[in-house]
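Chains as they are written, first to last, in my numbering: chain A, 1 to 298; chain B, 1001 to 1099. Structure first, then comments.
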């Protein structure tokens, strides 16, 4: 567990006054607040650190404990025991912190080991009484996974959630699962779960929207004389007819053989195949002779 | 819209300990919409997340209504640019090798 220098987080030194802490906190919180930095994980992380630093430094008792034991947090429990034996009560004034949920664990392990639990009272009462937290999660899929509608069970905060992933989801697309976030308080509604899909590249197919792109190798003789080529698609192999004189780089469109259109059953994009003509190498003497004869015909 | 998806505006204000005039102003600025039933304003549950964000901007960050209005507009533009960037990144992958 890493020691966190809360003063450094707020850009202050150890002699900072309560007013200095308040000012530094408000300035940084305005800059890093997740509402003002959507989809910026780095800002969210920094905001949590700033919130945590303020939680400790704005509370005189916590600040004292942090100043005394911060670097040596393992002794915090001992300190706590002594403190309880002396019959003192911990202050319930947690100072000013910003509310709202920005994605799960808000406090570091360091904070929890030093002060116990999370900063449960961070949210103002107006916030915590109404609606549960929204959760954010990422789900990695292969392109093939995204091709078909399928069910998946994911575990979020120890809870198994079964969800149906519709065919055609895009890389980076976010879906909301209503009510699957944190539990509401005092009868308030549950928060929502937001899942962002991350779709890995495929070795054979590239995707652009609902269209797929792929290459197919054809031998020189088929390209020159015409014939057939078998190409892979996501739902099996397809035989294609090639006209005589097919050029290298020729692109053909296979209508409806692309990616399924999201939530529009039965609709598909197109598959574009680019032919790559394979020039024969390691020719036998006979082949060389025949190619030479051919070249002389021109 | 189903009635169970609507929250009385005054109940929302009571829970969040805010003045009704504040959410009235949000409506005036076009930042939220009320549903009026029997002359009473209701808030659609689908607007709660957005409304709570507006409350945080106002009460946590001390931003006035004009500022909130500007921020929401800029955030919309930012999010639409982020979406566009994601689409362009996906397109760019078409021209990148798989190595």
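All C-beta atoms in this analysis are idealised placements derived from N, C-alpha and C, irrespective of residue type, glycine included.
Between the Cα of residue i and those of the options, spot the shortest distance and give me the residue it belongs to.
| i | options | result |
| --- | --- | --- |
| residue 34 of chain A | A/68, A/22, A/62 and A/47 | A/47 |
| residue 1027 of chain B | B/1081, B/1009 and B/1090 | B/1009 |
| residue 199 of chain A | B/1090, B/1096 and B/1095 | B/1090 |
| residue 949 of chain B | B/1066, B/1060 and B/1038 | Here chain B covers residues 1001 to 1099 and nothing more, so residue 949 of chain B does not appear. |
| residue 19 of chain A | A/57, A/32, A/4 and A/37 | A/57 |
| residue 1006 of chain B | B/1025, B/1043, B/1077 and B/1038 | B/1043 |
| residue 163 of chain A | A/44, A/22, A/151 and A/267 | A/151 |
| residue 207 of chain A | A/264, A/157, A/159 and A/146 | A/146 |
| residue 70 of chain A | A/16, A/244 and A/5 | A/5 |
| residue 1057 of chain B | A/30, A/39, A/134 and A/256 | A/30 |
| residue 224 of chain A | A/171, A/279, A/193 and A/191 | A/279 |
| residue 161 of chain A | A/9, A/135 and A/24 | A/135 |
| residue 244 of chain A | A/253, A/228 and A/194 | A/228 |
| residue 1095 of chain B | A/241, A/133 and A/215 | A/215 |
| residue 9 of chain A | A/255, A/50 and A/26 | A/50 |
| residue 159 of chain A | A/193, A/24 and A/170 | A/193 |
| residue 149 of chain A | A/255, A/45, A/231 and A/259 | A/259 |
| residue 217 of chain A | A/209, A/210, A/211 and A/204 | A/204 |
| residue 211 of chain A | A/220, A/187 and A/253 | A/253 |
| residue 37 of chain A | B/1093, B/1072 and B/1092 | B/1072 |
| residue 196 of chain A | A/189, A/40 and A/176 | A/176 |
| residue 155 of chain A | A/137, A/144 and A/172 | A/137 |
| residue 15 of chain A | A/3, A/67 and A/191 | A/67 |
Taking only beta-carbon atoms, is residue i less than 8 Å away from chain B?
| i | result |
| --- | --- |
| residue 120 of chain A | Note that residue 120 of chain A scores a pLDDT of 42, beneath 50, so its modelled location is shaky; the value from the coordinates is reported in the next line. Not one chain B Cβ lies under 8 Å of residue 120 of chain A. |
| residue 189 of chain A | yes |
| residue 43 of chain A | no |
| residue 232 of chain A | no |
| residue 201 of chain A | yes |
| residue 300 of chain A | Residue 300 of chain A falls outside the range modelled here, since chain A spans only 1 to 298, and no answer is possible. |
| residue 87 of chain A | Here the model assigns residue 87 of chain A a pLDDT of 47, short of 50, so the residue's position is not dependable, and the following value carries that caveat. It does not: the Cβ of residue 87 of chain A has no partner Cβ on chain B nearer than 8 Å. |
| residue 260 of chain A | no |
| residue 216 of chain A | no |
| residue 150 of chain A | no |
| residue 4 of chain A | no |
| residue 30 of chain A | yes |
| residue 39 of chain A | yes |
| residue 208 of chain A | yes |
| residue 282 of chain A | no |
| residue 10 of chain A | no |
| residue 143 of chain A | no |
| residue 67 of chain A | no |
| residue 271 of chain A | no |
| residue 13 of chain A | no |
| residue 36 of chain A | yes |
| residue 20 of chain A | no |
| residue 134 of chain A | yes |
What residues match up with residue i in a beta bridge as DSSP calls it?
| i | result |
| --- | --- |
| residue 177 of chain A | A/193 |
| residue 63 of chain A | Note: residue 63 of chain A sits in no beta bridge, so no partner. |
| residue 1046 of chain B | BP columns for residue 1046 of chain B are empty, so no partner. |
| residue 150 of chain A | A/165 |
| residue 1008 of chain B | B/1042 |
| residue 136 of chain A | A/194 |
| residue 260 of chain A | A/268 |
| residue 58 of chain A | Its beta-bridge partners do not exist; DSSP assigns none. |
Verify the CB distance criterion: does residue i have a CB-CB separation below 8 Å to chain A?
| i | result |
| --- | --- |
| residue 1093 of chain B | yes |
| residue 1009 of chain B | no |
| residue 1032 of chain B | no |
| residue 1071 of chain B | yes |
| residue 1056 of chain B | yes |
| residue 1064 of chain B | no |
| residue 1084 of chain B | no |
| residue 1026 of chain B | no |
| residue 1061 of chain B | yes |
| residue 1079 of chain B | yes |
| residue 1006 of chain B | no |
| residue 1088 of chain B | no |
| residue 1020 of chain B | no |
Practice task
With 9 Å as the C-beta to C-beta threshold (strictly closer), list the residues of the segment 156–175 of chain A near chain B in chain order.
Solution key: Listed in sequence order: 170, 171, 172 and 173.
Handout entry: Contact set between the segment 1042–1054 of chain B and chain A, restricted to residues whose Cβ is under 8 Å from the partner
Key = Residues of the segment 1042–1054 of chain B with a C-beta atom less than 8 Å from some C-beta of chain A are 1045, 1048, 1049, 1052 and 1053, listed in chain order.
Exercise for the section: May I ask you to verify whether the segment 235–243 of chain A touches the segment 179–196 of chain A, counting CB pairs closer than 8 Å and requiring at least 3? Expected result: No: fewer than three Cβ pairs fall under 8 Å.
Problem - At least 3 beta-carbon pairs within less than 8 Å: the segment 60–71 of chain A vs the segment 1072–1092 of chain B - result: Touching, no.
Exercise for the section: Could you tell me whether the segment 243–253 of chain A touches the segment 272–279 of chain A, using the rule of 3 or more Cβ pairs below 8 Å? Expected result: These segments touch.
Practice task
Tell me, please, whether the segment 1012–1022 of chain B touches the segment 276–291 of chain A by the rule of three or more beta-carbon pairs shorter than 8 Å.
Solution key: By the Cβ test, the segment 1012–1022 of chain B is not in contact with the segment 276–291 of chain A, since fewer than three Cβ pairs between them sit closer than 8 Å.
Practice task
Report yes or no: do the segment 261–269 of chain A and the segment 156–170 of chain A share at least 3 C-beta pairs separated by less than 8 Å?
Solution key: A contact is defined here as three or more CB-CB pairs under 8 Å, and the segment 261–269 of chain A meets this definition with respect to the segment 156–170 of chain A.
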